[in-house]
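Quick note, the sequences are listed as chains A and B, same order. According to numbering that gives the first Met the number 0, the residues represented by the first sequence are 0 to 43, in order. According to numbering that gives the first Met the number 0, the residues represented by the second sequence are 0 to 487, in order.
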Amino acid sequence: MADEQEPPPSAFSWVQVAAGWILVGVPLLWGIFITFQKAALLFR
Amino acid sequence: MGFLDKERIVAKPGFNRWLVPPAALAIHLSIGMAYGFSVFWLPLSRAIGITAPVQCPADMSFLERTFATTCDWKLSILGWMYTLFFVFLGSSAAIFGGWLERVGPRRAGIVAAFCWGGGFFISALGIKLHQIWLLWLGSGVIGGCGLGLGYISPVSTLIKWFPDRRGMATGMAIMGFGGGALIGSPLADMLMKRFATPTSVGVLETFLVLGTVYFIAMLLGAFGYRIPRPDWRPAGWVPTVTANAMVTTRHVHVKQAWRTPQFWLLWAVLTLNVSAGIGVIGMASPMIQEVFGGKLIGVTGALADLTADQKAQVATIGAAFAALLSFFNIVGRFFWASLSDFIGRKRTYMIFFVLGTVLYASAPNAGRTGSVALFAGIFCIILTMYGGGFATIPAYLADMFGTQFVGAIHGRLLTAWSTAGILGPVLVNYIREYQISRGVPNAQAYNTTMYILAGLLVAGFVCNLLVRPVSDRYFMSESELAAVRGAK
Numbered sequence: 000m001a002d003e004q005e006p007p008p009s010a011f012s013w014v015q016v017a018a019g020w021i022l023v024g025v026p027l028l029w030g031i032f033i034t035f036q037k038a039a040l041l042f043r
Numbered sequence: 000m001g002f003l004d005k006e007r008i009v010a011k012p013g014f015n016r017w018l019v020p021p022a023a024l025a026i027h028l029s030i031g032m033a034y035g036f037s038v039f040w041l042p043l044s045r046a047i048g049i050t051a052p053v054q055c056p057a058d059m060s061f062l063e064r065t066f067a068t069t070c071d072w073k074l075s076i077l078g079w080m081y082t083l084f085f086v087f088l089g090s091s092a093a094i095f096g097g098w099l100e101r102v103g104p105r106r107a108g109i110v111a112a113f114c115w116g117g118g119f120f121i122s123a124l125g126i127k128l129h130q131i132w133l134l135w136l137g138s139g140v141i142g143g144c145g146l147g148l149g150y151i152s153p154v155s156t157l158i159k160w161f162p163d164r165r166g167m168a169t170g171m172a173i174m175g176f177g178g179g180a181l182i183g184s185p186l187a188d189m190l191m192k193r194f195a196t197p198t199s200v201g202v203l204e205t206f207l208v209l210g211t212v213y214f215i216a217m218l219l220g221a222f223g224y225r226i227p228r229p230d231w232r233p234a235g236w237v238p239t240v241t242a243n244a245m246v247t248t249r250h251v252h253v254k255q256a257w258r259t260p261q262f263w264l265l266w267a268v269l270t271l272n273v274s275a276g277i278g279v280i281g282m283a284s285p286m287i288q289e290v291f292g293g294k295l296i297g298v299t300g301a302l303a304d305l306t307a308d309q310k311a312q313v314a315t316i317g318a319a320f321a322a323l324l325s326f327f328n329i330v331g332r333f334f335w336a337s338l339s340d341f342i343g344r345k346r347t348y349m350i351f352f353v354l355g356t357v358l359y360a361s362a363p364n365a366g367r368t369g370s371v372a373l374f375a376g377i378f379c380i381i382l383t384m385y386g387g388g389f390a391t392i393p394a395y396l397a398d399m400f401g402t403q404f405v406g407a408i409h410g411r412l413l414t415a416w417s418t419a420g421i422l423g424p425v426l427v428n429y430i431r432e433y434q435i436s437r438g439v440p441n442a443q444a445y446n447t448t449m450y451i452l453a454g455l456l457v458a459g460f461v462c463n464l465l466v467r468p469v470s471d472r473y474f475m476s477e478s479e480l481a482a483v484r485g486a487k
């Protein structure tokens, strides 16, 4: 079976994963923060 | 250009599949700005007058207005760009889906980057020359094609990398399309303020910056794409060979898929779910203002009875409501698509249609009780299911038709989106206007609309109920599959 020979992802690849998620996650969280700031008016 | 070839992006052993979702998100967050284009309408409507729009002569024809350089564009003329986005998104996804499957996601992602980023540059030229047709062509037509290609580019790849969590994987990417405007709108607003001068509204410069940023982000995303080997599967994962006929292990060719009743039932399911949701998104802000009026700012009286200052405050609350809905639209994409991995796609859509019908039908009562929180809560849940419908459909298609052509089949199904983009708003706006013309107070003009949207969801429920496993005769034989894979 193919998966039996598949080596696990390297430790460095997890660093790349973290970097990738930070690159897309930070702008997204910023956008969500701004949205919440606007939406807070609804509950004042 | 060999580095763009599909064969060159087959992942090496040990590749970390979790690198693919952020690459897909980079593309979807970029193209998701299409939802946020309304932030440009008001500044563009006074591109010549700067402080106030310069009106065109009343007797000027539509064609003359299209080429006029001495008077400003009307909002209705600018709004055509939004229509073009979704028409070309659906049609380009349908037309180029098969090409995407042949050439792979990287080439498609790069073409999408050129179309979407380049569209901003053409539009910037249109602002410079004050030619609206260049904006329609740049952002609407060419950008719209970028939307379609960018939207479907990661779908098939993610489904192949995450056979154990198809819904979650596509939900993560499609969440980005909902989230793009959350980043792009405030960013565009900041840039326009930064670039505005006494002789410019700042949109031209903003388009150049955004076009560059999105082009780079999409290129990075496209270069991050890797595809698994055909026989790859996650370590330790064994496909469940159960009696669940709603999840096939075989493959239907894209040329056969649209001949199946299942394809058209799912097309109807998506159209009906999206029509109802788009209708709500389009009317969210005016709806809450008209239903609650002065109550939103703690005073009595209907919206029409308020002072100009009070109306401005109420309008701000309306915008806050629209912002809140956009957040729940995103949350729903990830939540419902991930949940569908556990409860199944058909059951997930059953929940959308049953819960959605109940919520739409309850909305008028919630308005009558005067509870803003209850009313807002109902629509927040509805919007999660609108987003969830988009995010769950690729996995539903993969379950029904297999993974070999799921990107192309998904592309063709997205024509449902274009249809819903016209059907939903038209339905909602015309019913509301008809109600008001018959003397119904503005605050109650949405009630019938809600019942009709609930009716759409009942029809969607029936369509989803009729979805059955695809007949054996539509599936490719082993030799046909080998020929297709060998030809790529």
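Positions of the beta carbon are idealized from the N, C-alpha and C atoms, including for glycine.
Q) So the alpha helix (DSSP H) residue 66 of chain B belongs to, where does it begin and stop? A) 61 to 66
(Q) Determine, for residue 10 of chain A, whether the minimum Cβ-Cβ distance to residues of chain B falls below 8 Å. (A) So no, residue 10 of chain A is outside the interface.
Q: Give the C-beta separation of residue 129 of chain B and residue 46 of chain B to the nearest angstrom, bearing in mind that I take them to be a contact with Cβ-Cβ under 8 Å.
A: About 7 Å separates the beta carbon of residue 129 of chain B from that of residue 46 of chain B, a gap short enough to meet the 8 Å contact definition.
Q. Buried or exposed: where does residue 236 of chain B fall if 16 or more other Cβ atoms within 10 Å of its Cβ makes it buried?
A. exposed
Q.
So for residue 327 of chain B, helix, strand or coil by DSSP?
A. Under the three-state reduction of DSSP output, residue 327 of chain B falls in the helix class.
**Q.** Exposure of residue 398 of chain B, with buried meaning 16 or more beta-carbon neighbours within 10 Å
**A.** buried
Q: List the whole-angstrom C-beta distance separating residue 112 of chain B from residue 410 of chain B, where the pair is believed to meet the contact cut-off of C-beta under 8 Å.
A: That pair is no contact at about 18 Å.
Q.
For chain A, check one thing: does any of its Cβ atoms lie closer than 8 Å to the Cβ of residue 382 of chain B?
A. no
Q: Could you tell me which chain A residues have their CB closer than 9 Å to the CB of residue 25 of chain B, listed as they occur along the chain?
A: 19, 22 and 23, listed in chain order.
Q: Could you list which residues in chain A have their beta carbon closer than 9 Å to that of residue 292 of chain B, in chain order?
A: Residues of chain A whose Cβ lies closer than 9 Å to the Cβ of residue 292 of chain B do not exist, since the nearest Cβ in that chain is about 15 Å away.
(Q) For the structure I just gave you, are there three or more beta carbon pairs, one from the segment 142 to 152 of chain B and one from the segment 25 to 42 of chain A, closer than 8 Å? (A) Result no; under three Cβ-Cβ pairs closer than 8 Å.
Q. Are the beta-carbon atoms belonging to residue 29 of chain B and residue 213 of chain B less than 8 Å from one another?
A. yes
**Q.** Where residue 251 of chain B sits in the DSSP three-state scheme
**A.** Reduced to three states, the DSSP call for residue 251 of chain B is strand.
**Q.** Euclidean distance between Cα positions of residue 176 of chain B and residue 247 of chain B
**A.** For the pair residue 176 of chain B and residue 247 of chain B, the Cα-to-Cα distance works out to about 28 Å.
Q) Who are the Cβ neighbours of residue 400 of chain B in its own chain at under 6 Å, not counting the five residues just before and after it? A) 251, 256 and 408
Q: Starting from the C-beta of residue 271 of chain B, find all residues in its chain whose C-beta is less than 6 Å away, skip the five residues before and the five after it, and write them out in chain order.
A: 455, 458 and 459
Q. Does the Cβ-Cβ distance between residue 279 of chain B and residue 378 of chain B come in under 8 Å?
A. yes
Q) So what does DSSP say about residue 82 of chain B, is it helix, strand or coil? A) helix
Q) What separation, rounded to the nearest whole angstrom, lies between the Cα atoms of residue 210 of chain B and residue 107 of chain B? A) Rounded to whole angstroms, residue 210 of chain B to residue 107 of chain B spans 18 Å at the Cα level.
Q.
Beta-carbon within less than 7 Å of residue 2 of chain A's beta-carbon, same chain only, minus the 5 sequence neighbours each way: which residues are those?
A. Because the pLDDT at residue 2 of chain A is just 48, under 50, the model does not fix this residue reliably, and the value given afterwards should be weighed accordingly. Nothing listed; no residue qualifies.
Q) Looking at C-alpha atoms only, which residue of B:382, B:182, B:81 and B:225 is the closest neighbour of residue 154 of chain B? A) B:225
Q) Closer than 7 Å: is that where the CB of residue 386 of chain B sits relative to any heavy atom of the ligand HEM? A) This structure does not include the ligand HEM; it has no bound ligands of any sort.
Q. How would you label residue 132 of chain B, buried or exposed, when you count the other beta carbons within 10 angstroms and need 16 or more for buried?
A. Within a 10 Å sphere around the beta-carbon of residue 132 of chain B sit fewer than 16 other beta-carbons, which makes this residue exposed.
**Q.** Span of the alpha helix (DSSP H) around residue 74 of chain B
**A.** Counting along the chain, the alpha helix (DSSP H) containing residue 74 of chain B begins and ends at 74 to 77.
Q.
Between residue 38 of chain B and residue 184 of chain B, how many whole angstroms is the CB-CB distance? I'm expecting something under 8 Å.
A. 5 Å
Q: Find out if the Cβ-Cβ distance for the pair residue 234 of chain B, residue 31 of chain B is shorter than 8 Å.
A: no
Q) How long is the line joining the alpha carbons of residue 488 of chain B and residue 314 of chain B, rounded to whole angstroms? A) A query on residue 488 of chain B cannot be resolved here, the shown segment of chain B reaching from 0 to 487 and no further.
Q) If residue 414 of chain B sits next to residue 89 of chain B, beta carbons under 8 Å apart, how far is it from one beta carbon to the other, in whole angstroms? A) 5 Å
Q.
Classify residue 430 of chain B: buried if its beta carbon has 16 or more other beta carbons within 10 angstroms, exposed otherwise.
A. With 16 or more Cβ atoms within 10 Å of its Cβ, residue 430 of chain B is classed as buried.
Q: Please look up how many angstroms separate the CB atoms of residue 371 of chain B and residue 426 of chain B, rounded, as I've assumed it's under 8 Å.
A: About 25 Å; that fails the 8 Å criterion.
Q) Are at least three pairs of beta-carbons, each pair with one atom in the segment 356 to 372 of chain B and one in the segment 443 to 454 of chain B, less than 8 Å apart? A) The segment 443 to 454 of chain B and the segment 356 to 372 of chain B touch, with three or more beta-carbon pairs separated by less than 8 Å.
Q: For residue 66 of chain B, count neighbouring C-beta atoms within 10 Å of its own C-beta (all shown protein chains included) and say buried if the count is 16 or more, exposed if not.
A: exposed
Q.
Give me, in chain order, the residues of the same chain whose beta-carbon lies closer than 8 Å to that of residue 201 of chain B; leave out the 5 immediate sequence neighbours on both sides.
A. 42, 190, 191, 192, 193, 194 and 195
Q: Assess, as a yes-or-no matter, whether the segment 53 to 60 of chain B is touched by the segment 11 to 30 of chain B under the definition of 3 or more beta carbon pairs within less than 8 Å.
A: At 8 Å Cβ cutoff, the stretches do not touch.
Q | Same chain only: Cβ atoms within 6 Å of residue 87 of chain B, ignoring 5 sequence neighbours per side | A | 140, 143 and 144
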